[in-house]
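S.K.: The structure is given below, and queries will be raised subsequently.
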Amino acid sequence: MIRVTVYKTGRQEYLGFDLSGHAGYGEEGFDIVCAAVSALVINTVNSVEEFTEDKTSCVSDEENGMIQFRFQGQPSHDASLLLDSLILGLEGIEESSEYKPYIDIIFKEV
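Structure below.
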């Protein structure tokens, strides 16, 4: 299962997210849930880096399906919008009855 933990402040500002695991929906290289989640996450990280001036840190381990992404300070409006878009896409996958068993999204206030 893929676990996504999204960290927000009490004011609902993003701090970052952690992603871990593999969906297990299909064989390696043919798992459409992993592919969809990976495309959404990688595009978001790249978009924040390319289209905003936000300072971030990102640690990843492809073999273990792990990404730790953090903002170094308060995220800009554009960066927050990009994360809103990521969450929308991930929740779309999670809400599907076929894919729900393969992804879990958790929101933590810190």
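The numbering of the sequence shown is my numbering, which starts it at 58 and goes up by one. A virtual CB, placed ideally from N, CA and C, is assigned to each residue, including glycine.
(1) Please determine, among Ser137, Ser77, Glu151, Lys65, the residue with the shortest C-alpha to C-alpha distance to valine 116.
(2) Select from Met58, Ile59, Gln69 the residue whose C-alpha is nearest the C-alpha of asparagine 165.
(3) What separation, rounded to the nearest whole angstrom, lies between the Cα atoms of leucine 143 and arginine 60?
(4) Nearest to leucine 147 by alpha carbon, out of Arg127, Thr113, Lys112, Leu97?
(5) Hey, valine 105 and aspartate 111: beta-carbon distance below 7 Å or not?
(6) Kindly indicate which three-state DSSP category aspartate 161 falls into: helix, strand or coil?
(7) Is the CB-CB distance between isoleucine 160 and glutamate 151 below 7 Å?
(8) Answer yes or no: do glycine 73 and tyrosine 64 have a C-beta to C-beta separation smaller than 7 Å?
(9) Could you name the residues that DSSP lists as bridge partners for glutamate 166?
(10) Which residue wins for smallest C-alpha separation from isoleucine 124, given the options Asp88, His79, Ser153?
M.R.: So, from the data block:
(1) In the sequence shown, counting from the first residue as 1, residue 116 sits at position 59. Nearest of Ser137, Ser77, Glu151, Lys65 to valine 116, Cα basis: Ser77.
(2) As a first step, residue 165 is located in the sequence shown; it is residue number 108 there, counting from the start. The identity of residue 165 in the sequence shown is lysine, whereas the question assumes asparagine. Comparing Cα positions, the closest option is Gln69.
(3) In the sequence shown, residue 143 corresponds to position 86, counting from 1. In the sequence shown, residue 60 corresponds to position 3, counting from 1. Answer to the nearest angstrom: the Cα atoms are 14 Å apart.
(4) As a first step, residue 147 is located in the sequence shown; it is residue number 90 there, counting from the start. Ranking the options by Cα distance to leucine 147, first place goes to Leu97.
(5) Stepping through the sequence shown from its first residue, residue 105 is reached at position 48. Stepping through the sequence shown from its first residue, residue 111 is reached at position 54. Yes, the Cβ-Cβ distance between valine 105 and aspartate 111 is below 7 Å.
(6) Position 104 of the sequence shown, counting from 1, holds the residue named residue 161. DSSP places aspartate 161 in strand when its eight states are reduced to three.
(7) The residue labelled residue 160 in the question sits at position 103 within the sequence shown. The residue labelled residue 151 in the question sits at position 94 within the sequence shown. With contacts defined as CB atoms closer than 7 Å, isoleucine 160 and glutamate 151 qualify as a contacting pair.
(8) Reading the sequence shown from its first residue, position 16 is the one you call residue 73. Reading the sequence shown from its first residue, position 7 is the one you call residue 64. Going by C-beta atoms, glycine 73 is nearer than 7 Å to tyrosine 64.
(9) Counting from one through the sequence shown, the residue named residue 166 turns up at place 109. The beta-bridge partner set that DSSP reports for glutamate 166 consists of Lys65.
(10) Taking the sequence shown and counting its residues from 1, one reaches residue 124 at position 67. Considering only alpha carbons, the answer is His79.
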